[in-house]
Amino acid sequence: MKALVTGGARSGKSGFAERLCMSRASRACYIATAQAYDMEMKERIALHRVQRESAGYDWQTLEEAQALPELLQRLGGDRASQPAPMLLVDCLTLWLSNVLLAAGEDGEAASRAAINELAAAVEQYPGQLVIVTNEVGDGIVPEYPLGRLYRDLSGVMNQRIARLCDEVFLVTAGIPVELKQLEYKL
Numbered sequence: 195m196k197a198l199v200t201g202g203a204r205s206g207k208s209g210f211a212e213r214l215c216m217s218r219a220s221r222a223c224y225i226a227t228a229q230a231y232d233m234e235m236k237e238r239i240a241l242h243r244v245q246r247e248s249a250g251y252d253w254q255t256l257e258e259a260q261a262l263p264e265l266l267q268r269l270g271g272d273r274a275s276q277p278a279p280m281l282l283v284d285c286l287t288l289w290l291s292n293v294l295l296a297a298g299e300d301g302e303a304a305s306r307a308a309i310n311e312l313a314a315a316v317e318q319y320p321g322q323l324v325i326v327t328n329e330v331g332d333g334i335v336p337e338y339p340l341g342r343l344y345r346d347l348s349g350v351m352n353q354r355i356a357r358l359c360d361e362v363f364l365v366t367a368g369i370p371v372e373l374k375q376l377e378y379k380l
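Residues in the sequence shown are numbered from 195 upward in steps of one, following the numbering used here.
Right under this line is the structure:
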């Protein structure tokens, strides 16, 4: 089962994704994509880790800012002897910003290639997978070209990953709604 959890900033999507994992498996691997560039972000990451550890759930935390497709492939690997672990990826839009900014002048092409690699890794992952992302296109049009490119790439990525998932949850004001059940079919 693959699930995408999306919503705006501070919508409750990460908390919902964690609870979803806890309801479906006795343990999970938490893949964090955030990078700590300043003290506030370091404190935020540390607080999230403490909150997860105090929940009484068996989380293994891995940090991966850019090589997410490769990590998914490695964790899914040859699992003849044991099932692939339940994974929670938090979050795709942070991962995309890491990829985009690291690529510099070639940001758009590198990001599109990385999205293709990510989609292939998600599709091939043999275990349960819960993926958190942000809806960045609900706000105003960004003023700068890089912001518009990031918004556009985020939308492309989210649509692509949503098509691969069995469930897609939109979380608003802490309330999750499963969208694929409500999807209008043409």
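C-beta: ideal position from N, C-alpha, C; glycine also.
Segment contact: the region 219-228 against the region 253-262, three or more CB-CB distances shorter than 8 Å; contact assigned. In the structure shown, alanine 296 adopts helical secondary structure according to DSSP, grouped into three states.
Residue range 323-326 is occupied by the beta strand (DSSP E) that includes isoleucine 325, with no alpha helix (DSSP H) assigned at that position. With respect to the C-alpha of arginine 342, the residue from Glu361, Cys359, Leu376, Gly301 having the closest C-alpha is Gly301. Shortest Cα-Cα distance from alanine 307 to any of Asn328, Gly271, Leu262 involves Leu262.
If the five residues before and after tryptophan 289 are omitted, its C-beta is found closer than 6 Å to the C-beta atoms of Thr227, Leu262, all from its own chain and listed in chain order. Burial state of serine 275 is exposed, judged by a 10 Å Cβ sphere holding fewer than 16 other Cβ atoms.
Beta-bridge partners assigned by DSSP to proline 370: Val365. Valine 316 is a Cβ neighbour of lysine 196, given a cutoff of 8 Å. The straight-line gap separating the alpha-carbon atoms of valine 362 and glycine 321 is approximately 17 Å. Within the same chain, Ile225, Ile325 come within 6 Å of valine 283 by CB-CB distance, once the 5 residues on both sides are set aside. The DSSP assignment places complete alpha helix (DSSP H) segments of no fewer than 4 residues inside the region 207-260 at 207-218, 233-248, in order along the chain. Residue Gln353 holds the alpha-carbon nearest to the alpha-carbon of glycine 331 among Asn310, Ala313, Tyr319, Gln353. The Cβ atoms of serine 205 and valine 365 lie closer than 8 Å to each other. Membership of valine 199 in the beta strand (DSSP E) is indicated by the continuous run 196-201. Annotation for aspartate 346: the continuous alpha helix (DSSP H) segment containing it runs 339-358.
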